[in-house]
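Engineer: Residues 0 to 421 in numbering that gives the first Met the number 0 are what the sequence shown lists, from first letter to last.
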Amino acid sequence: MTVAASWLAVFCLFGYRATFAILKIPMSEDLGWTQSEVTLGYSLMMAIYAVTAYFSGMILDKWGTRPVYAIATVFGALGFVLTSMVSSHFAYLFTFGVVGGVATGMLWVTSTVSVRKWYVGKTYGAMWGLAFAGAPLAQFSLAYVTKASLADGGADAWRGTMMLLGGIMFVALALAVVMARKGPEAYGVKANGTPPGGPARAQYEWTVKEAFGQYAVWAVILMFLTSMMAEFLIWTQVVSFWVADLGWTSDTAICAYSIIGLVGIFSMPIMGKVSDWVVEKTGNETVGRKFMLILGPSTGVVACVLLLMSGQSMTIAYVSCVIFAVYWAIVPGGVVGYTGSVFGAKTLGKIWGMCTLIVMGIGPFAGSFIGGYLKDVSGSYTYSIYYAIGSFFGSILLAASLPRMVHAPVKKEDDISHHAHA
0 MTVAASWLAV FCLFGYRATF AILKIPMSED LGWTQSEVTL GYSLMMAIYA
50 VTAYFSGMIL DKWGTRPVYA IATVFGALGF VLTSMVSSHF AYLFTFGVVG
100 GVATGMLWVT STVSVRKWYV GKTYGAMWGL AFAGAPLAQF SLAYVTKASL
150 ADGGADAWRG TMMLLGGIMF VALALAVVMA RKGPEAYGVK ANGTPPGGPA
200 RAQYEWTVKE AFGQYAVWAV ILMFLTSMMA EFLIWTQVVS FWVADLGWTS
250 DTAICAYSII GLVGIFSMPI MGKVSDWVVE KTGNETVGRK FMLILGPSTG
300 VVACVLLLMS GQSMTIAYVS CVIFAVYWAI VPGGVVGYTG SVFGAKTLGK
350 IWGMCTLIVM GIGPFAGSFI GGYLKDVSGS YTYSIYYAIG SFFGSILLAA
400 SLPRMVHAPV KKEDDISHHA HA
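Written out as structure tokens, the structure is:
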């Protein structure tokens, strides 16, 4: 039930992102706004998303998953429904940017951490892979629903489409509320799976301040941040690279790009099983998760190199997209797996919420901006891809520096030192 609820949450989160790319053009044409004015709503949504993520982690740790999904249900539906009624830019920024940002911010930390609380060791990767498969499936199914809805209307068909999407968000997230469960400790049971290398760090309750005094947190933040900057640069520039630099038609470029989502439906659970296999073979969860976090951005480097070679053959471009889908399946869930293996589950929501605030507050905007800036000053998207390669390399080095353990602070009242072994 926890995995199913997380699947629905991820489906809705990425549904918000995927449908915006389709809706922004008819919105711009109907309302007479520039693309930058429409995109500002998305940028604001991502900023609010990052801030809300931290508070969602606090709610999750204290009251469980259900109230977080309940908030997301209301705001997720209202974000689309209220936006369908706007006529002023300020109202749009509030409904889509703020309301939609609160909705999406409630979903990422909750979906990842709730799975981590229930599944540890060699069971986490597979379960999170199943949940994360909701992301590429949302890109396919909701993109189809959105395009079909727009095709049946006039200039303002986007309004009816947003009403429809609001209804989908409400139903899906309401189901997530019903399926959601608190952490296993609330039911007097243990998480599924035994972390190889030692017991889980459930004995010590890390505060955010204590956790952020450890190198492990900053290393995983910077590792994830550099990967996110490269990832969002590629997501926002790759179609334009194929069209502007290589002369492909827009339809051909979009078709190639869609391979990432299609393969992602299968790569998510497959790479989840692979990561669990690595954990089992290493006999130490932290070491296994660290290995996968080195592998993740390494696949990003390979995919970028092949992307630069895609002018030679369409096949090379397709292979590049497949490898990007493999990268996507490794890193987002892997960073949570590593953090949970080091700090345990009790306060993981707050810790990972703060990590998400930093990473998602900087990464998507910075990566997209740098990619666009390098194109403007160079006249080519090639240098943007070079930057992505460098960012992925930085992520590899940071992943290699991740520690195998951290030492919990000494409790003054009992003078007992708790050691966080992987």
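C-beta atoms are modelled at their ideal positions from N, C-alpha and C, and glycine is treated no differently.
Note that the coordinates shown come from a computational prediction; the quantities given were computed from them, not determined experimentally.
How is the alpha helix (DSSP H) around Y337 delimited, first residue to last?
Structural biologist: Residues 313 to 342.
Engineer: For the putative contact between L306 and W157, defined by C-beta atoms under 8 Å, what is the C-beta separation to the nearest angstrom?
Structural biologist: About 32 Å; that fails the 8 Å criterion.
Engineer: Which value, in whole angstroms, describes the spacing of the CA atoms of L81 and T160?
Structural biologist: Using only the alpha carbons, I get a separation of about 12 Å.
Engineer: Grab me the residues of P268's own chain with a C-beta within less than 7 Å of its C-beta, minus the 5 sequence neighbours each way, in chain order.
Structural biologist: These residues qualify, in order along the chain: A125, G128, L129, A132.
Engineer: Using a threshold of 7 Å, is the CB atom of A52 nearer than that to any non-hydrogen atom of the ligand FMN?
Structural biologist: Ligands are entirely absent from the displayed structure, and the ligand FMN is therefore not among its contents.
Engineer: Kindly indicate which three-state DSSP category Y380 falls into: helix, strand or coil?
Structural biologist: In this structure, Y380 counts as coil in the three-state DSSP scheme.
Engineer: Going by DSSP, what residue range makes up the alpha helix (DSSP H) through T103?
Structural biologist: It spans 99 to 104 - the alpha helix (DSSP H) in which T103 sits, taken as one unbroken run.
Engineer: Assuming contact is defined by CB atoms lying nearer than 8 Å, are A422 and L106 in contact in what I supplied?
Structural biologist: Examination of residue 422 is not possible in this model, given that the chain is present from 0 through 421 alone.
Engineer: Helix, strand or coil: which one does DSSP assign to V405?
Structural biologist: Strand.
Engineer: Are the beta-carbon atoms of Y68 and V176 separated by less than 8 Å?
Structural biologist: Yes, the Cβ-Cβ distance between Y68 and V176 is below 8 Å.
Engineer: Measure the CB-CB distance between W351 and T145 and report whether it falls below 8 Å.
Structural biologist: No, the Cβ-Cβ distance between W351 and T145 is not below 8 Å.
Engineer: Could you give the first and the last residue of the continuous alpha helix (DSSP H) run that contains L422?
Structural biologist: Nothing can be reported for residue 422: it is not among the residues displayed for the chain, which extend from 0 to 421.
Engineer: How far does the alpha helix (DSSP H) with V216 in it reach, from first residue to last?
Structural biologist: 214 to 239 is the span of the alpha helix (DSSP H), which, as asked, contains V216.
Engineer: Quick check on the DSSP output: what are the complete alpha helix (DSSP H) runs of length 4 or more inside the segment 267 to 312, in order along the chain?
Structural biologist: Qualifying alpha helix (DSSP H) stretches, in chain order: 284 to 307.
Engineer: What whole-angstrom Cβ distance do C303 and A387 have, given they're in contact under 8 Å?
Structural biologist: Indeed they touch by this definition, with Cβ atoms about 5 Å apart.
Engineer: Looking at the structure shown, is Y203 part of a helix, part of a strand, or coil, going by DSSP?
Structural biologist: In this structure, Y203 counts as coil in the three-state DSSP scheme.
Engineer: Nearest CA to the CA of P408: which residue from G153, W32, E204?
Structural biologist: It is E204 whose Cα lies nearest to the Cα of P408.
Engineer: Could you please give me the residues that DSSP links to Y118 through a beta bridge?
Structural biologist: N191.
Engineer: Alpha helix (DSSP H) containing W157: first to last residue?
Structural biologist: Where W157 is concerned, the enclosing alpha helix (DSSP H) stretches over 156 to 178.
Engineer: Note down the Cα distance separating G165 from F79, rounded to an integer number of angstroms.
Structural biologist: So the alpha carbons of these two residues sit roughly 5 Å apart.
Engineer: Report the residue from F265, K349, Y382, M45 whose alpha carbon sits nearest the alpha carbon of W327.
Structural biologist: Of the listed residues, the one whose Cα sits closest to W327 is F265.
Engineer: Around the C-beta of A190, are 16 or more other C-beta atoms found within 10 angstroms, so that it is buried, or is it exposed?
Structural biologist: Label assigned to A190: buried.
Engineer: Straight-line CA distance for G357 to L224?
Structural biologist: Rather than Gly, the amino acid found at residue 357 in this sequence is Ile. Straight-line Cα distance between these residues: approximately 8 Å.
Engineer: Indicate whether the contact test is met: 3 or more Cβ pairs, each with one atom in the segment 248 to 257 and one in the segment 374 to 389, closer than 8 Å.
Structural biologist: Cβ pair count under 8 Å is below three, so no.
Engineer: Looking only at its chain, what residues have a beta carbon closer than 7 Å to the beta carbon of A171, apart from the 5 residues adjacent to it on each side?
Structural biologist: So the list reads L7, F10, C11, once near-sequence residues are dropped.
Engineer: Report yes if the C-beta distance between P363 and M227 is below 8 Å; otherwise report no.
Structural biologist: Closer than 8 Å, so yes.
Engineer: Taking 8 Å as the cut-off, decide whether the C-beta atoms of G96 and L43 are in contact.
Structural biologist: Contact flag set, yes.
Engineer: Any contact between the segment 364 to 375 and the segment 272 to 284? By contact I mean 3 or more CB pairs, one from each, below 8 Å.
Structural biologist: Result no; under three Cβ-Cβ pairs closer than 8 Å.
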